[in-house]
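These notes are about the structure you will find just below.
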Amino acid sequence: MKNLKQLFLILAILFPIGTYINAQYKAKGIIDKTTSKQQETPKTQWFQNAKFGLFIHWGLYSILGGEWNGKRYYGSSEWIMNRAKIPVVEYSKLAQQFNPVKFNAAEWVKIAKEAGMKYIVITAKHHDGFAMFDSKVSDFNIMHTPFHRDPLKELSVACQKNNIKLGFYYSQFLDWHEPNGGGNDWDFVEKNKDYKSYYQSKSIPQIKELLSNYGPLGLIWFDMPGGLSKEETQALIDTARRLQPNCLFSSRVGHGLGDFLDFGDSEVPATVIKEPWEAIFTHNDSWGYLKFDFNFKTPSEIIRLLTNIVSKGGNLMLNVGPKADGTIPEESIKCLLSVGKWLKINGKAIYGTTYGPIAPQPWGVTTLKPDKLFLHVMLRPKNGDLIVPGVNVKVKKVWFLSNMKSLNWKQNQQMLKVKLPLVLPDDANSVIVVEYTGKISDSYIDAPSVISPQFNECNLDVIKAKPTGNTKIEPITYSFYFGVWKHTTCATMMQSPSDSLIYNVEFAEPGDYKIILEYSCPIENSKQEGLLQVGGQKFYFETLSTGNYDVSRPLMFIQQSVAMITVRKAGLQTIKISPVNEGKELFKLRRIIVKPVEYKF
Numbered sequence: 000m001k002n003l004k005q006l007f008l009i010l011a012i013l014f015p016i017g018t019y020i021n022a023q024y025k026a027k028g029i030i031d032k033t034t035s036k037q038q039e040t041p042k043t044q045w046f047q048n049a050k051f052g053l054f055i056h057w058g059l060y061s062i063l064g065g066e067w068n069g070k071r072y073y074g075s076s077e078w079i080m081n082r083a084k085i086p087v088v089e090y091s092k093l094a095q096q097f098n099p100v101k102f103n104a105a106e107w108v109k110i111a112k113e114a115g116m117k118y119i120v121i122t123a124k125h126h127d128g129f130a131m132f133d134s135k136v137s138d139f140n141i142m143h144t145p146f147h148r149d150p151l152k153e154l155s156v157a158c159q160k161n162n163i164k165l166g167f168y169y170s171q172f173l174d175w176h177e178p179n180g181g182g183n184d185w186d187f188v189e190k191n192k193d194y195k196s197y198y199q200s201k202s203i204p205q206i207k208e209l210l211s212n213y214g215p216l217g218l219i220w221f222d223m224p225g226g227l228s229k230e231e232t233q234a235l236i237d238t239a240r241r242l243q244p245n246c247l248f249s250s251r252v253g254h255g256l257g258d259f260l261d262f263g264d265s266e267v268p269a270t271v272i273k274e275p276w277e278a279i280f281t282h283n284d285s286w287g288y289l290k291f292d293f294n295f296k297t298p299s300e301i302i303r304l305l306t307n308i309v310s311k312g313g314n315l316m317l318n319v320g321p322k323a324d325g326t327i328p329e330e331s332i333k334c335l336l337s338v339g340k341w342l343k344i345n346g347k348a349i350y351g352t353t354y355g356p357i358a359p360q361p362w363g364v365t366t367l368k369p370d371k372l373f374l375h376v377m378l379r380p381k382n383g384d385l386i387v388p389g390v391n392v393k394v395k396k397v398w399f400l401s402n403m404k405s406l407n408w409k410q411n412q413q414m415l416k417v418k419l420p421l422v423l424p425d426d427a428n429s430v431i432v433v434e435y436t437g438k439i440s441d442s443y444i445d446a447p448s449v450i451s452p453q454f455n456e457c458n459l460d461v462i463k464a465k466p467t468g469n470t471k472i473e474p475i476t477y478s479f480y481f482g483v484w485k486h487t488t489c490a491t492m493m494q495s496p497s498d499s500l501i502y503n504v505e506f507a508e509p510g511d512y513k514i515i516l517e518y519s520c521p522i523e524n525s526k527q528e529g530l531l532q533v534g535g536q537k538f539y540f541e542t543l544s545t546g547n548y549d550v551s552r553p554l555m556f557i558q559q560s561v562a563m564i565t566v567r568k569a570g571l572q573t574i575k576i577s578p579v580n581e582g583k584e585l586f587k588l589r590r591i592i593v594k595p596v597e598y599k600f
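Residue 0 is where the sequence shown starts when you use numbering that gives the first Met the number 0, and the numbers rise one by one after that.
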């Protein structure tokens, strides 16, 4: 029971903005600045232009690498003190082993710069309470180790020399080392804790040290709010603001405050967010160094992840977990440098752009600058004809960003067709520049989804559909290993025939198409009848069980083929999903997959 309570506490802290974002998803769209807490200001302009940053989780936990007393702890290695319930007196002894003699601040900053990253955030103090800097507030810091150097000071110097913004992660509430800090219930009695005393004696004084002793900072990346009221949190921000007026503060400071919005770990919103925001991902599964975690993302995966995030108006801060000796894993270095090579060629389509005005297409996504629309082509249509809807401006020129080669194109009202070569310049993401005059309209939400037989499948995510009745479109969180969170967006609460999901789609060509529903359904909700309607045709189906939903476990989805339809004429159609009868929730629908049927005679 204690572990379950702890899980929900972590969830509440990690995802405090879920209700807020969910409300916006229900409203189906782009978050309106007039109702947002985080506003675009001259102070945030550098952040919104930067797009790509480096996150670093490094501390005493790096020594253990996910192992304690012969047991491997899979997932987030920086939580090992908590998960293994290591007593403070035992964990503190790790400080005498910490001697990262291979640490080289200039080398770290060089790697980040060559990767195309514009800012670096490093853990100044994580939940274990150990300060990775010269703190006069607590002796539990890196100066009281054999290393006896301040890596944050050295990073500050290196960042300033290379025009890289520096930020510090600081866990302001959780502190497993302190009797009054949050989170440690195996050494200290929770009901006896005085959180206000902890803030006044350690948390706030250390934040002041960071803002006073390390030069101009780009941001303070707060984490794990708790123990303070909104007024007290605002007072903390005001105190920090007086020390560095231009420093940004993350929304995880709590209570909807902060200068930019951070989602849950490894979460990307389903649609565009107009306010300043950031997504954080780690290169493998763990944030801190985990000696047996080799599940690294490839350069192509990072390039596409970065592009997807930027197309929705956000930044990507990608994490690496250095080893205890001060070196970054070679797998991460190789990946970062490969991504940097792509950015040197295509960075104009990333840095300083705004979100794409055109919704994701089967071929990719878009980003925007004044007079330039960037098409990020990740999948080539079979016939080479790239169809771009919603281009309501006068196109002047179309060309590849990588080699400056002009492309043949034709514009018919708001539809742009670009002829692609047989081989694209880049397998991960080939960028096409569309030069135009006029003001391009934002059709991200309203434009119909295009279904074309020139792609093996077309995905209709639920964010593009209109919910009716009690149907909700909401983010769903679940996990793999401990702390390895996964996120998706589903249509939920379809319980009666009046609860439905309606897509407006455009079939580019007539033909036969398979309709596949991707959903999750608990055992007790299975064997209910659903109805799929496409252009007046009705197709009935029965839901299948995928297992029950538990936020602490993987959520299983099934792809159930329910119909093959015949589209006799290209053009607009509606696709509707609803229950046949009153009952329990039909399922959690993630997307509809439409696959063209190919006949060979």
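Idealized CB from N, CA, C, for every residue including glycine.
Query raised in the report: Of all the options Q532, Q527, P224, P553, which has the alpha carbon lying nearest to the alpha carbon of E541?
Result: On the sequence shown, position 542 is the one that residue 541 refers to. For E541, the nearest C-alpha among the options comes from Q527.
Query raised in the report: So what does DSSP say about L335, is it helix, strand or coil?
Result: The residue given as residue 335 occupies position 336 in the sequence shown. Of the three classes helix, strand and coil, the one that applies to L335 here is helix, per DSSP.
Requested in this report: Tell me whether K50 is buried or exposed, calling it buried when 16 or more other Cβ atoms sit within 10 Å of its Cβ.
Outcome: The residue given as residue 50 occupies position 51 in the sequence shown. By the 10 Å Cβ count, K50 comes out buried.
**Report entry** Bridge partners - L585, DSSP secondary structure assignment
**Finding:** Reading the sequence shown from its first residue, position 586 is the one you call residue 585. Looking at the DSSP assignment, L585 forms no beta bridge with any residue, so it has no partner.
Query raised in the report: According to the Cβ coordinates, are C334 and K393 closer than 8 angstroms?
Result: If you number the sequence shown from 1, residue 334 lands on position 335. If you number the sequence shown from 1, residue 393 lands on position 394. The answer is no: Cβ separation not under 8 angstroms.
**Report entry** Whole-angstrom distance between W362 and H176, CA atom to CA atom
**Finding:** The residue you call residue 176 lines up with position 177 of the sequence shown. The residue you call residue 362 lines up with position 363 of the sequence shown. Near 50 angstroms, if we compare the C-alpha coordinates of W362 and H176.
Query raised in the report: What is the DSSP secondary structure of S61, counted as helix, strand or coil?
Result: Here residue 61 corresponds to residue number 62 of the sequence shown, with the count starting at 1. DSSP places S61 in helix when its eight states are reduced to three.
**Report entry** Proximal residues to V596 (C-beta, below 8 angstroms), its chain only, five neighbours per side dropped
**Finding:** To locate residue 596, count along the sequence shown from 1; it is residue 597. G510, D511, Y512, K513, M563, listed in sequence order.
Query raised in the report: Taking Cβ to Cβ, would you say F538 is nearer than 8 angstroms to R589?
Result: Your numbering for residue 538 matches position 539 in the sequence shown. Your numbering for residue 589 matches position 590 in the sequence shown. Going by C-beta atoms, F538 is not nearer than 8 angstroms to R589.
Query raised in the report: Which residue from P380, P178, L218 puts its Cα closest to that of P452?
Result: Looking up residue 452 in the sequence shown gives position 453. Answer by Cα proximity: P380.
Query raised in the report: If L342 sits next to P447, beta carbons under 8 angstroms apart, how far is it from one beta carbon to the other, in whole angstroms?
Result: As a working mapping, residue 342 is identified with position 343 in the sequence shown. As a working mapping, residue 447 is identified with position 448 in the sequence shown. Actually they do not touch by this definition, with Cβ atoms about 33 angstroms apart.
Report task. Classify E508 as helix, strand or coil using the three-state DSSP reduction. Result -> The count along the sequence shown starts at 1 and reaches residue 508 at position 509. The answer is coil: DSSP assigns E508 none of H, G, I, E or B.
Report task. Determine the closest residue to L63 out of L53, I279, F54, S75, with distance taken between C-alpha atoms. Result -> Taking the first residue of the sequence shown as position 1, residue 63 is located at position 64. If you compare the alpha carbons of L53, I279, F54, S75 with that of L63, the shortest gap goes to S75.
Requested in this report: Counting only the same chain and skipping the five closest in sequence on each side, list residues whose C-beta sits under 8 angstroms from that of N345.
Outcome: On the sequence shown, position 346 is the one that residue 345 refers to. For N345, same chain residues with a beta-carbon under 8 angstroms away, outside a window of 5 residues either side, are L400, S401, D425, N428, V430 in chain order.
Query raised in the report: From which residue to which residue does the beta strand (DSSP E) around W220 run?
Result: Counting from one through the sequence shown, the residue named residue 220 turns up at place 221. Unbroken beta strand (DSSP E) run through W220: 218 to 222.
Query raised in the report: By a C-beta neighbour count over all protein chains shown, 10 Å radius and 16 as the cutoff for buried, is N294 buried or exposed?
Result: Working through the sequence shown from its first residue, we reach residue 294 at position 295. Its Cβ having fewer than 16 others within 10 Å, N294 is exposed.
Requested in this report: Let me know the secondary structure DSSP gives Q412 once reduced to three states.
Outcome: Locating residue 412 in the sequence shown gives position 413, where the first residue counts as 1. Looking at Q412 - three-state DSSP - the assignment turns out to be coil, as it is neither helix nor strand.
Query raised in the report: My guess is that V136 and Q205 are in contact by the Cβ rule of under 8 angstroms, so how many angstroms apart are they, rounded?
Result: On the sequence shown, position 137 is the one that residue 136 refers to. On the sequence shown, position 206 is the one that residue 205 refers to. For V136 against Q205, the beta-carbon gap comes to about 5 angstroms, under 8 angstroms, which counts as contact.
Query raised in the report: Which residue from K192, F167, D186 puts its Cα closest to that of N179?
Result: Indexing the sequence shown from 1 puts residue 179 at position 180. Comparing Cα positions, the closest option is K192.
Query raised in the report: Is the stretch 354 to 368 touching the stretch 144 to 158 in the sense that three or more CB pairs, one from each, lie closer than 8 angstroms?
Result: no
**Report entry** Ordered list of alpha helix (DSSP H) runs contained in the stretch 95 to 142, each at least 4 residues
**Finding:** Positions of the alpha helix (DSSP H) runs, each at least 4 residues long and wholly inside the stretch 95 to 142, are given as 104 to 113 in order along the chain.
Query - Nearest neighbour of T470, chosen from K587, M80, F280 [CA to CA] - result: Working through the sequence shown from its first residue, we reach residue 470 at position 471. Among K587, M80, F280, the Cα nearest to that of T470 belongs to K587.
**Report entry** First and last residue of the uninterrupted beta strand (DSSP E) at E473
**Finding:** The residue given as residue 473 occupies position 474 in the sequence shown. Run containing E473: 471 to 478, per the beta strand (DSSP E) assignment.
Query raised in the report: How would you label R552, buried or exposed, when you count the other beta carbons within 10 angstroms and need 16 or more for buried?
Result: By 1-based counting over the sequence shown, the position of residue 552 is 553. With fewer than 16 other Cβ atoms within 10 Å, it is exposed.
Query raised in the report: Sorted by chain position, which residues of the same chain lie with C-beta nearer than 8 angstroms to K416's C-beta, five sequence neighbours on each side aside?
Result: Counting from 1 along the sequence shown, the entry for residue 416 is found at position 417. Taken in chain order, the residues that qualify are D384, L385, I386, V387, W408, K409, Q410.
**Report entry** Contact set for L419: own chain, Cβ-Cβ below 8 angstroms, skip 5 residues either direction
**Finding:** Start at 1 with the first residue of the sequence shown, and residue 419 comes out as number 420. Cβ within range, chain order: V376, R379, P380, G383, D384, L385, L406.
Query - Option nearest T467 by Cα separation, candidates T436, I501, I475 - result: Residue mapping note: residue 467 aligns to position 468 of the sequence shown, counting from 1. Of the listed residues, the one whose Cα sits closest to T467 is I501.
Requested in this report: Let me know if M403 comes out buried or exposed under the rule of 16 or more other beta-carbons within 10 Å of its beta-carbon.
Outcome: Within the sequence shown, the letter at position 404 stands for residue 403. M403 comes out exposed.
Query raised in the report: So is N565 buried or exposed if we call it buried at 16+ other beta carbons inside 10 Å?
Result: Here residue 565 corresponds to residue number 566 of the sequence shown, with the count starting at 1. Per the sequence presented here, residue 565 reads as Thr, with Asn not at that position. The residue is exposed, with fewer than 16 neighbouring Cβ atoms inside 10 Å.
Query raised in the report: Roughly how far, in whole angstroms, is the beta-carbon of D174 from the beta-carbon of H126, given that I think they are within contact range, below 8 angstroms?
Result: Here residue 174 is taken as the residue at index 175 of the sequence shown, counted from 1. Here residue 126 is taken as the residue at index 127 of the sequence shown, counted from 1. Correct: roughly 7 angstroms between the Cβ atoms.
Query raised in the report: Whole-angstrom Cβ separation of R120 and Y168, contact assumed at under 8 angstroms?
Result: As a position in the sequence shown, residue 120 is number 121, starting the count at 1. As a position in the sequence shown, residue 168 is number 169, starting the count at 1. Correcting the residue identity first, residue 120 is Val in this sequence and not Arg. The Cβ separation is near 6 angstroms, so the contact holds.
Query raised in the report: Would the beta-carbon of V271 fall within 8 angstroms of that of I308?
Result: As a working mapping, residue 271 is identified with position 272 in the sequence shown. As a working mapping, residue 308 is identified with position 309 in the sequence shown. No, the Cβ-Cβ distance between V271 and I308 is not below 8 angstroms.
Query raised in the report: With contact counted as at least three CB pairs below 8 angstroms, one residue from each stretch, are the stretch 279 to 287 and the stretch 311 to 326 in contact?
Result: yes
Query - Collapsed DSSP secondary structure at Q243 in the structure displayed - result: Here residue 243 corresponds to residue number 244 of the sequence shown, with the count starting at 1. If DSSP states are grouped into helix, strand and coil, Q243 belongs with coil.
Query - Cβ pair S577, S499 closer than 8 angstroms - result: By 1-based counting over the sequence shown, the position of residue 577 is 578. By 1-based counting over the sequence shown, the position of residue 499 is 500. S499 sits close to S577, with the two beta carbons spaced by under 8 angstroms.
Requested in this report: Using alpha carbons as the reference points, say which of R82, A105, L336, P41 lies closest to L247.
Outcome: Taking the sequence shown and counting its residues from 1, the one referred to as residue 247 is at position 248. If we check each option's Cα against that of L247, P41 comes out closest.
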